[in-house]
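Peer 1: Have a look at this one.
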Amino acid sequence: MTEARQIRALVVDDEPLARQRIEDLLAKENDIELVGSAADGYEAVDMIGGIEPELVFLDIQMPGMTGLEVIAEVGPERMPPTIFVTAYDQYALKAFEIAALDYLVKPFDDERFAVALQRARATIARRDAGERAERLLRLLQTTDVKGKDSPYLAKIPVESRGQVKVVPVETIDYIMADGPYAELHIGPASYAIRERMHTLEEKLDPAKFFRIHRSAIIAVDRIDAFLKRPGGDYAVRLKDATELSVSRAKREELERIMGMARE
Numbered sequence: 196m197t198e199a200r201q202i203r204a205l206v207v208d209d210e211p212l213a214r215q216r217i218e219d220l221l222a223k224e225n226d227i228e229l230v231g232s233a234a235d236g237y238e239a240v241d242m243i244g245g246i247e248p249e250l251v252f253l254d255i256q257m258p259g260m261t262g263l264e265v266i267a268e269v270g271p272e273r274m275p276p277t278i279f280v281t282a283y284d285q286y287a288l289k290a291f292e293i294a295a296l297d298y299l300v301k302p303f304d305d306e307r308f309a310v311a312l313q314r315a316r317a318t319i320a321r322r323d324a325g326e327r328a329e330r331l332l333r334l335l336q337t338t339d340v341k342g343k344d345s346p347y348l349a350k351i352p353v354e355s356r357g358q359v360k361v362v363p364v365e366t367i368d369y370i371m372a373d374g375p376y377a378e379l380h381i382g383p384a385s386y387a388i389r390e391r392m393h394t395l396e397e398k399l400d401p402a403k404f405f406r407i408h409r410s411a412i413i414a415v416d417r418i419d420a421f422l423k424r425p426g427g428d429y430a431v432r433l434k435d436a437t438e439l440s441v442s443r444a445k446r447e448e449l450e451r452i453m454g455m456a457r458e
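One gets my numbering by counting positions in the sequence shown from 1 and adding 195 to each.
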């Protein structure tokens, strides 16, 4: 009789006792092979790329590199099915509701572990890698990789050279409309995403981004100067010397943001 194929599992947690707890439970499962154990996020990234586990138990809150930073570094499209392990309910619930395969809140009992593992088996059997990647992308978009929930985008997935790249919102200089697309400008590079400007505007932190006219959104901290052009038109010059027009309807609001409002 042919022996059933085992699921290759990796355990990632900075707490030795927490790692040992999961390892001991996995040792009781005939269809699970423990192929590695990582004590921090950096080691986890190396092991995921090297030993290619089929299931990862991933602690969210770790010093140095959080579990979410591990996902961002590995890439959602390459991340194996994941069970998040956390001592913080708010992070576990966010992961479960938006992106995660499942979650375990420390301390968890044997029964809860068994439920999570059974769901993992079902997910692996479905081979729904595309769906999992989309969920993880949504998680990275709405959650700070340091582990803090935010109602605004923290990351934006873009296609680059045939693969999905996750761009930190904080690196964006400005965004320009191009029909049904929006172009993200980051230094000398630009990336097109299929998103309308008004949708992006709602998803970006208004304390950091401002829509200066219908076709442009700028990062406020990239503004170098406010310019008055001949004929009564206005513009901003960014720190990289890019100049963008400001609509008259947005001028006063932009002046207030820049601390230029007159009494």
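C-beta atoms are modelled at their ideal positions from N, C-alpha and C, and glycine is treated no differently.
#1: DSSP three-state label for alanine 204, please.
#2: Put glutamate 448 into one of helix, strand or coil per three-state DSSP.
#3: Measuring alpha carbon to alpha carbon, tell me which residue in Met260, Tyr347, Ile367 and Val353 is nearest glycine 382.
#4: Which residues does DSSP list as the beta-bridge partners of glycine 231?
#5: Flag this pair as yes or no: are the beta carbons of glutamate 459 and methionine 371 separated by less than 8 Å?
#6: Leaving aside the five residues before and after tyrosine 369 along the sequence, list all residues of the same chain whose C-beta is less than 8 Å from its C-beta, in chain order.
#7: Quick one: grab the DSSP three-state call for phenylalanine 308.
#8: Give me, in chain order, the residues of the same chain whose beta-carbon lies closer than 8 Å to that of isoleucine 407; leave out the 5 immediate sequence neighbours on both sides.
#9: If you draw a straight line from the C-alpha of tyrosine 298 to the C-alpha of leucine 221, how long is it?
#10: Please classify arginine 409 as buried or exposed, where buried requires at least 16 neighbouring CB atoms within 10 angstroms.
#11: Indicate the three-state DSSP secondary structure (helix, strand or coil) for arginine 432 in the structure shown.
#12: Could you round the C-beta distance between proline 258 and aspartate 209 to whole angstroms and report it? I think they count as a contact, below 8 Å.
#13: In angstroms with no decimal places, state the Cα-to-Cα distance between methionine 196 and leucine 205.
#14: Provide the residue(s) that pair with threonine 277 in DSSP beta bridges, ordered along the chain.
#15: Histidine 408 bridges to which residues according to DSSP?
#16: Could you tell me the distance, in whole angstroms, from the CA atom of phenylalanine 404 to the CA atom of glycine 374?
#17: With DSSP run on the structure shown, which of helix, strand or coil describes glutamate 458?
#18: Using the three-state DSSP reduction, which class does leucine 332 fall into: helix, strand or coil?
#19: Could you compute how far the alpha carbon of isoleucine 278 sits from the alpha carbon of glutamine 313?
#20: Counting contacts by CB-CB distance shorter than 8 Å, is isoleucine 319 in contact with chain B?
Peer 2: This is what the structure holds:
#1: Here residue 204 refers to the residue found at position 9 when the sequence shown is read from its first residue. DSSP places alanine 204 in strand when its eight states are reduced to three.
#2: For this step, residue 448 is matched to residue 253 along the sequence shown. In this structure, DSSP gives glutamate 448 a helical state, which the three-state scheme calls helix.
#3: Residue 382 sits at position 187 when you count from the first residue of the sequence shown. It is Ile367 whose Cα lies nearest to the Cα of glycine 382.
#4: Here residue 231 corresponds to residue number 36 of the sequence shown, with the count starting at 1. When beta bridges are read from the DSSP output, glycine 231 appears opposite Leu205.
#5: Any question about residue 459 goes unanswered here, given that the chain covers just 196 to 458.
#6: Locating residue 369 in the sequence shown gives position 174, where the first residue counts as 1. Hits under 8 Å: His380, Ala411, Ile412, Ile413, Ala414, Arg417, Leu433, Thr437 and Leu439.
#7: The residue given as residue 308 occupies position 113 in the sequence shown. Note: phenylalanine 308 maps to helix in three-state DSSP.
#8: To locate residue 407, count along the sequence shown from 1; it is residue 212. Around isoleucine 407: Ile413, Val431, Leu439, Ser440, Val441, Ser442, Lys445 and Leu449.
#9: The residue you call residue 298 lines up with position 103 of the sequence shown. The residue you call residue 221 lines up with position 26 of the sequence shown. Near 16 Å, if we compare the C-alpha coordinates of leucine 221 and tyrosine 298.
#10: Taking the sequence shown and counting its residues from 1, one reaches residue 409 at position 214. Per the 10 Å Cβ criterion, exposed.
#11: For the purposes of this step, residue 432 is taken as the residue at position 237 of the sequence shown. Arginine 432 falls in the strand class under three-state DSSP.
#12: Looking up residue 258 in the sequence shown gives position 63. Looking up residue 209 in the sequence shown gives position 14. The pair is a contact, with the Cβ atoms about 6 Å apart (cut-off 8 Å).
#13: Within the sequence shown, residue 196 is the residue found at index 1, counting from 1. Within the sequence shown, residue 205 is the residue found at index 10, counting from 1. For methionine 196, the predicted model reports a pLDDT of 40, less than 50, meaning its position is unreliable and no value from the coordinates is stated.
#14: The sequence position of residue 277 within the sequence shown is 82, counting from 1. Partner(s): Val251.
#15: Residue numbering aside, residue 408 sits at position 213 when the sequence shown is read from its first letter. Answer is Ala411.
#16: Start at 1 with the first residue of the sequence shown, and residue 404 comes out as number 209. Start at 1 with the first residue of the sequence shown, and residue 374 comes out as number 179. Straight across, the Cα-Cα distance linking phenylalanine 404 with glycine 374 is about 21 Å.
#17: Residue 458 sits at position 263 when you count from the first residue of the sequence shown. Residue placement at glutamate 458 is flagged as unreliable, the pLDDT there being 45, under the threshold of 50; the coordinate-derived value follows with that caveat. Glutamate 458: coil per DSSP, three-state reduction.
#18: Here residue 332 corresponds to residue number 137 of the sequence shown, with the count starting at 1. DSSP places leucine 332 within a helical segment (H, G or I) once states are collapsed to three.
#19: Sequence index remark: in the sequence shown, residue 278 carries index 83 (1-based). Sequence index remark: in the sequence shown, residue 313 carries index 118 (1-based). Isoleucine 278 and glutamine 313 have their C-alpha atoms spaced approximately 11 Å apart.
#20: Absent from the structure is chain B; it holds one protein chain and no more.
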